[in-house]
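Notes to accompany the following structure.
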Amino acid sequence: MNSSTYAEEFNSSGEGISVTQALLKDRGLKYNLASLKQAKIDTKISEYELRYFAETLVSVIEETYWDYALSQKQIEIYEKSLKLAENRLAETKERIEVGKLADVELAAATAEIAFQKEGLINAKSNLQKTRLKFLRLLNVNLSDNMKKQVTLKTPIVVPSDEKLDALENHVALALKMRADLNQANLNIERGELEIVKTGNGLLPKMDVFVNFGRTGYADSLSSSVGNINDDYYASEIGLQFKMSLLNRNAKALHRRALLNQELIKDALENMKSLVELDIHSAYIEVNRTTEQVAATKATRQYQDDTLKAEIAKFEVGKSTTLLVGQAQRNLLVSQIAEIQAVVMNIKSFINLYRLEGTLLKRRGISAPGDKSL
281 MNSSTYAEEF NSSGEGISVT QALLKDRGLK YNLASLKQAK IDTKISEYEL
331 RYFAETLVSV IEETYWDYAL SQKQIEIYEK SLKLAENRLA ETKERIEVGK
381 LADVELAAAT AEIAFQKEGL INAKSNLQKT RLKFLRLLNV NLSDNMKKQV
431 TLKTPIVVPS DEKLDALENH VALALKMRAD LNQANLNIER GELEIVKTGN
481 GLLPKMDVFV NFGRTGYADS LSSSVGNIND DYYASEIGLQ FKMSLLNRNA
531 KALHRRALLN QELIKDALEN MKSLVELDIH SAYIEVNRTT EQVAATKATR
581 QYQDDTLKAE IAKFEVGKST TLLVGQAQRN LLVSQIAEIQ AVVMNIKSFI
631 NLYRLEGTLL KRRGISAPGD KSL
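Numbered continuously in the working numbering, the sequence shown closes out at residue 653.
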């Protein structure tokens, strides 16, 4: 019988199974799950990036709030001081008219009013600029709300409820909670996985495979399917091996992954040192501004007493409008310095909490990335 004629008269169907196991390259869950683990790490990194941004934004908004409150308070101080200067000018004119003062006393009183007006103009301008900045931070459309006013509900007071812990506790908290540090730690984990992936590329490819199948023959295709259970078996087992002679690309990728990992580790250690420096500096600033609040308060009280004494001397003709004006100006400067010291103290706590990574938690704001590594 002609073999070609025989083949044309029969049809075949078959089924089989093939199993391949990597022995070297691509072997094991450690390599095969590396990309998945990296993707999960990337998600966590994004959460810490978001938290870092949110913490920075909250701190900027709070600081701008207190800058706005400071500008309002400065305007109040200037307006009150201007009113006193105007009253002093009116009194000086009356005394000149009745001959109790010389005409030269008028110049000093007039100059003091000009000085107070100058400061008031600058304070009002600063208030408007700070208002626009604050509205922008609150995502208010400035083109439609250019004249929108801001009403502050929290006045400027010394933050007596804020207490410093021991310095080492603030440092430990920062090393645990800082979003950028946690992000750097995750980058190290990601780098270790990259080393696993590139290390896999250095291995030769060796796979063991097993093939097993059955075949059915018949004069029609449909009948051949029913004959698969006949004794027509085929099996195969073997090894596949493939290796690049130089493998330069894989070696370069692995070497780069190792070097990058060393750089990331060094950068992390450097970042830890910078974090400790940040906390030390912020801690010193909180203590400085706290002491400054008490010092400026004492100065303001002294300048207030000095002005009262100078006015009393002026009333009995033992002082001049120039000396009274100088005393009033010194009081104005001390009042502004006092309120500035309080605001700086408030902002120093905000900065400390931001640098240690606890600002959002202290403000009761929930955001991703609140878990430390």
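For each residue, glycine too, the CB sits at the ideal point set by N, CA and C. Predicted model, so just to flag it, every value in this text is computed and none were measured.
How about residue i and residue j: do their beta carbons lie closer than 8 Å?
i, j, result
"Asn625", "Thr576", "no"
"Leu417", "Glu636", "no"
"Leu400", "Glu356", "no"
"Leu447", "Ala647", "no"
"Glu342", "Ile630", "yes"
"Ile468", "Ile544", "yes"
"Ser436", "Val566", "It should be pointed out that residue 436 corresponds to Ile in this sequence rather than to Ser. No, they are not a contact pair."
"Val476", "Lys310", "yes"
"Arg368", "Thr600", "no"
"Tyr328", "Gln463", "yes"
"Asn465", "Leu653", "yes"
"Leu554", "Ser361", "no"
"Gly471", "Asn402", "no"
Who does residue i pair with in a DSSP beta bridge?
i, result
"Glu571", "Beta-bridge pairing links Glu571 to no other residue."
"Glu329", "The partner list for Glu329 (beta bridge, DSSP) is empty, contrary to what the question assumes."
Report the rounded CA-to-CA distance for residue i versus residue j, giving the unit in angstroms.
i, j, result
"Lys409", "Met426", "11 Å"
"Lys593", "Leu603", "10 Å"
"Asn550", "Leu461", "11 Å"
"Ala370", "Leu632", "49 Å"
"Glu542", "Ser561", "29 Å"
"Glu595", "Gln396", "22 Å"
"Asp445", "Asn421", "41 Å"
"Leu538", "Leu526", "19 Å"
"Phe333", "Asp441", "27 Å"
"Met457", "Lys353", "36 Å"
"Val438", "Asp424", "36 Å"
"Arg528", "Lys522", "15 Å"
"Trp346", "Lys443", "19 Å"
"Thr344", "Arg634", "15 Å"
In chain order, what residues of the same chain lie with their CB nearer than 7 Å to the CB of residue i, ignoring the 5 residues before and after it?
i, result
"Gln620", "Leu350"
Closer than 6 Å by C-beta to residue i: which residues in its own chain qualify, once you throw out the five before and the five after it? Chain order, please.
i, result
"Val312", "It is worth fixing the name first, because residue 312 is Asn in this sequence and not Val. So the list is empty, once near-sequence residues are dropped."
"Thr579", "Ser614"
"Ser298", "Asn491"
"Ala314", "Leu473, Val476, Lys477"
Confirm the yes/no value for this check: CB of residue i, any heavy atom of the ligand ADP, distance under 7 Å.
i, result
"Leu612", "Looking for the ligand ADP in the displayed structure turns up nothing, as the structure carries no ligands at all."
Roughly how far, in whole angstroms, is the beta-carbon of residue i from the beta-carbon of residue j, given that I think they are within contact range, below 8 Å?
i, j, result
"Ile376", "Glu385", "7 Å"
"Ala574", "Leu587", "That belief does not hold up - the Cβ atoms of Ala574 and Leu587 are roughly 21 Å apart, past 8 Å."
"Glu335", "Leu548", "Going by Cβ atoms, the distance from Glu335 to Leu548 rounds to 20 Å, so no, they are not a contact pair."
Quick one: residues in its chain with C-beta nearer than 8 Å to the C-beta of residue i, no 5 flanking neighbours on either side, listed in chain order?
i, result
"Gly597", "Lys380"
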